[in-house]
Amino acid sequence: MTHKIVEVHEATFEEQIEKSLAPVVLVFYAPWCGPCRLMKETLEEFAAAHPRVTVARVNGDENPGLAQRYAVFAVPTTVFLFAGRTKGRRSGCRTSASSWTRRSPCWAWKRYKNNPEGT
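Taken in order, the sequence shown gives residues 1084 to 1202; the numbers are from the numbering used here.
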């Protein structure tokens, strides 16, 4: 089963990402970027393994305001968000979905995984 990866634009960012109660993996990419294309399968694998996490992609070329806001200077760049705040980031291609959770700089992943209701 393929889990949906949300394609985000500047106009929809606030509603889809900033107001999300779930942790968000936000990947900045470009269609001309070879490593970005390779990561799409990894994103799908990650989304399947973590259905309660929002997995989203932003085309940095089409959404320069978001790229500037998150100080994205190279693609692919992955930003980890929780409750609308940046909790970590990584630049470069990830070829294994486990590499995001195994060494995630985002403390919120374990906290959310163990207690998704926040109680």
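The beta-carbon is built from N, C-alpha and C at its ideal position, and this holds for glycine as well.
For this session: Pull up the distance between the alpha-carbon of R1140 and that of Q1099, whole angstroms please.
Result: The straight-line gap from Cα to Cα measures roughly 11 Å.
Exercise. What is the C-beta distance between T1161 and R1168, in whole angstroms, given that I count them as a contact (C-beta under 8 Å)?
Worked result: With 8 Å as the limit, T1161 and R1168 do not qualify as a contact, their Cβ atoms being about 15 Å apart.
Exercise. Nearest-angstrom Cα distance between G1117 and T1095?
Worked result: The C-alpha of T1095 is placed about 26 Å away from the C-alpha of G1117.
Problem set entry | Limits of the unbroken beta strand (DSSP E) element including T1160 | T1160 to F1165 is the extent of the beta strand (DSSP E) around T1160.
For this session: Could you work out which residue in F1165, K1170, Q1151 and P1159 is closest to E1101 when comparing CA atoms only?
Result: Distance check between E1101 and each of F1165, K1170, Q1151 and P1159 places F1165 closest, using alpha-carbon atoms only.
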